[in-house]
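Trainee:
In my numbering, the protein residues as written are 10 to 536.
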């Protein structure tokens, strides 16, 4: 009988034995948790000391509505918030611009200015919670707005903990919410690294993301390889800007998906840690062990959720979350079962959080570190994935690095090929999706989704009109001119940007100022 194949198209044997680990050297490939090469986890005690950070990704409509949901999540036991922004905010446009019409508040919260940010985090203890913001091209803008609001609450930058995604390279590959060309985007990211080192030292300056590539169709091997290739590009950009690797690398973090293919996902996370540790130590000369650690957030696989029989998604999410935990994640967001239909209802979001809490407090997975270590199957799969991932990273390097490979359409083409293969397998029935091509029902139960109020767009327009009437527009103009001058030169852009936002410049105005100097990215024909 032919071997089964993994998501990365590697063979899975019906049975593994000691002979499959004949070349396995536990001392160099496994080691102890908290020590190089971190295969078993980045901390010595992992979850035996305390569980991972339980995040819930939320944000919709107005800042006031999202703030109410955040208070509910904190009351339910969430230790970290994860903010979703609407498309205009992600793309650097204000809610009252014509291009924003129909998208305001739809897939996340609309944040146009410091006024909105104040409402979003009103009454929340920013010095006690960790906040992750899924924002990329305008990541610096939202980071500074968060800092300014915290300062108004009497909380200094060195007390703030959290993450901005800030990973624009994957936007060129898989997601599309880029603004500026790659060179200028990398300069802005390097400025964020330097700014946070000085002003917000506990903040994770980037969450280098494979999640969105996986959602676009990347295999586990592609997800890790293309993410680490992007990470190498960011490290080079920071070093080119004069930063020492051990000054910024400890604040790098990553963001991956957890699929239902439990064994391969566990092996994937373990291989990723080992590869990154080698890259940082051997290629970039990082001496600080924290620079060699691959710390990551995980989100369960939205692409695997189905609109058909949505309650089945509860089982999928539980398995995916368990895989992330057994793989050693530092924080986790579990999707709500109804997200294939609409934004999650309050009940669905609470159930998603309860899923994590059951894993943490009712199972025994937190009682020992890396329970799958030494498993014939897991160790063999980890080794095989490591080889496949390193081969793909080398293919990116052979094309001149991540940016040059992006310009040639390499990563995008590889991901699209994988997505096409999966689509064919589902259509043919070779790949089973419960409720879609097997074990279907004739009539689906009715479901009442959460709906975003269409009046939000006009409300945001009114808020912006009021802001522009009240503020000192001469001060805003002067601050935006200072920002453009910094963009033309080599000064750190975040300092004049902060002053512009303090003067109540909008996110769109800041982005337009930089567009005026840097231009925008236009994909090549090869895409």
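Where is the CB? At the ideal position from N, CA and C, for every residue including glycine.
What ranges does the alpha helix (DSSP H) occupy inside the stretch 172-246, keeping only unbroken runs of at least 4 residues that lie completely in it?
Mentor: 191-208 and 220-224
Trainee: Looking at the secondary structure, which residues open and close the beta strand (DSSP E) in which residue 267 lies?
Mentor: By one-based count along the chain shown, residue 267 stands at place 258. First-last of the beta strand (DSSP E) with residue 267: 261-267.
Trainee: Flag this pair as touching only if the stretch 63-77 and the stretch 111-119 have three or more C-beta atom pairs under 8 Å; answer yes or no.
Mentor: Enough Cβ pairs lie closer than 8 Å, so yes.
Trainee: Can the beta-carbon of residue 348 be found closer than 8 Å to that of residue 311?
Mentor: Position 339 of the chain shown, counted from the first residue, corresponds to residue 348. Position 302 of the chain shown, counted from the first residue, corresponds to residue 311. Yes. Within cutoff.
Trainee: Go through the stretch 255-331 residue by residue and report every complete run of the beta strand (DSSP E) that reaches 3 residues or more, in order.
Mentor: 261-267 and 305-309
Trainee: Span of the alpha helix (DSSP H) holding residue 6?
Mentor: There is simply no residue 6 to check, as the chain begins at 10 and stops at 536 in what is shown.
Trainee: Jot down the residue ranges of each uninterrupted alpha helix (DSSP H) in the stretch 411-465, minimum 4 residues, whole runs only, in chain order.
Mentor: 411-416 and 419-437
Trainee: Tell me the DSSP secondary structure of residue 153 in three-state form.
Mentor: For the purposes of this step, residue 153 is identified with residue 144 of the chain shown, where counting begins at 1. Of the three classes helix, strand and coil, the one that applies to residue 153 here is helix, per DSSP.
Trainee: Let me know if residue 513 comes out buried or exposed under the rule of 16 or more other beta-carbons within 10 Å of its beta-carbon.
Mentor: Locating residue 513 in the chain shown gives position 504, counting from the first residue. Buried, since its Cβ has 16 or more Cβ neighbours within 10 Å.
Trainee: Using DSSP's beta-bridge definition, name the partner residues of residue 544.
Mentor: Residue 544 lies beyond the range of the chain shown here (10 to 536); nothing can be said about it.
Trainee: Per DSSP, what kind of secondary structure is residue 397 in: helix, strand or coil?
Mentor: By one-based count along the chain shown, residue 397 stands at place 388. Correct three-state label for residue 397: helix.
Trainee: Can you tell me whether residue 159 is helix, strand or coil according to DSSP?
Mentor: As a first step, residue 159 must be located in the chain shown, where it is residue number 150. Residue 159: helix per DSSP, three-state reduction.
Trainee: Is residue 219 near residue 267, with beta carbons less than 8 Å apart?
Mentor: Locating residue 219 in the chain shown gives position 210, where the first residue counts as 1. Locating residue 267 in the chain shown gives position 258, where the first residue counts as 1. Cβ atoms of residue 219 and residue 267: not closer than 8 Å.
Trainee: So is residue 48 in contact with chain C if we call contact Cβ pairs under 8 Å?
Mentor: Of the protein chains in the structure, only one exists, and it is not chain C.
Trainee: Roughly how many angstroms lie between the CA atoms of residue 361 and residue 379, to the nearest whole one?
Mentor: Translated into the one-based positions of the chain shown, residue 361 becomes position 352. Translated into the one-based positions of the chain shown, residue 379 becomes position 370. Rounded to whole angstroms, residue 361 to residue 379 spans 24 Å at the Cα level.
Trainee: Taking the continuous beta strand (DSSP E) assigned at residue 59, which residues delimit it?
Mentor: For the purposes of this step, residue 59 is taken as the residue at position 50 of the chain shown. Segment: none, residue 59 is in no beta strand (DSSP E) and carries neither H nor E.
Trainee: Quick one: what's got a C-beta closer than 8 Å to residue 427's C-beta in the same chain, skipping five residues either side?
Mentor: Translated into the one-based positions of the chain shown, residue 427 becomes position 418. Excluding residues within five positions, the ones whose Cβ falls inside 8 Å are 226, 227, 228 and 231.
Trainee: Rank 124, 170, 22 and 149 by C-alpha distance to the C-alpha of residue 88 and give the top, closest one.
Mentor: Working through the chain shown from its first residue, we reach residue 88 at position 79. When only C-alpha atoms are compared, the closest one is 170.
Trainee: Considering residue 139, what are the terminal residues of the beta strand (DSSP E) in which it resides?
Mentor: Within the chain shown, residue 139 is the residue found at index 130, counting from 1. Element bounds for residue 139: 139-142.
Trainee: With a cut-off of 8 Å, do at least 3 Cβ pairs link the stretch 510-528 to the stretch 488-496?
Mentor: With the cut-off at 8 Å, the stretch 510-528 and the stretch 488-496 touch.
Trainee: Using the three-state DSSP reduction, which class does residue 529 fall into: helix, strand or coil?
Mentor: As a working mapping, residue 529 is identified with position 520 in the chain shown. Reduced to three states, the DSSP call for residue 529 is coil.
Trainee: Over the uninterrupted beta strand (DSSP E) stretch that includes residue 341, give me the two end residues.
Mentor: By 1-based counting over the chain shown, the position of residue 341 is 332. 340-342 is the span of the beta strand (DSSP E), which, as asked, contains residue 341.
Trainee: Between 503, 421, 204 and 462, which lies nearest to residue 532 when the distance is taken from Cα to Cα?
Mentor: For this step, residue 532 is matched to residue 523 along the chain shown. For the residues 503, 421, 204 and 462, the minimum Cα distance to residue 532 belongs to 421.
Trainee: Could you give the DSSP three-state label for residue 480: helix, strand or coil?
Mentor: Along the chain shown, one-based indexing puts residue 480 at 471. The answer is coil: DSSP assigns residue 480 none of H, G, I, E or B.
Trainee: Sort out for me which residues DSSP pairs residue 21 with in a bridge.
Mentor: For the purposes of this step, residue 21 is identified with residue 12 of the chain shown, where counting begins at 1. According to DSSP, residue 21 bridges with 13.
Trainee: Over the uninterrupted alpha helix (DSSP H) stretch that includes residue 42, give me the two end residues.
Mentor: On the chain shown, residue 42 is found 33 positions in, with the first residue counted as 1. No alpha helix (DSSP H) holds residue 42; DSSP gives it neither H nor E.
Trainee: What residue does the alpha helix (DSSP H) around residue 73 start on, and which one ends it?
Mentor: Translated into positions along the chain shown, residue 73 becomes position 64. Looking at the DSSP string, the run of the alpha helix (DSSP H) that includes residue 73 is 72-84.
Trainee: Roughly how many whole angstroms lie between the Cα atoms of residue 467 and residue 98?
Mentor: Taking the first residue of the chain shown as position 1, residue 467 is located at position 458. Taking the first residue of the chain shown as position 1, residue 98 is located at position 89. Rounded to whole angstroms, the gap between the alpha carbons of residue 467 and residue 98 is 16 Å.
Trainee: Which class does residue 349 belong to by DSSP, given the choice of helix, strand or coil?
Mentor: As a first step, residue 349 must be located in the chain shown, where it is residue number 340. Residue 349 carries a coil assignment under DSSP once its states are collapsed to helix, strand and coil.
Trainee: In whole angstroms, what separates the C-alpha of residue 265 from that of residue 307?
Mentor: By 1-based counting over the chain shown, the position of residue 265 is 256. By 1-based counting over the chain shown, the position of residue 307 is 298. Each residue's Cα considered, the two are about 5 Å apart.
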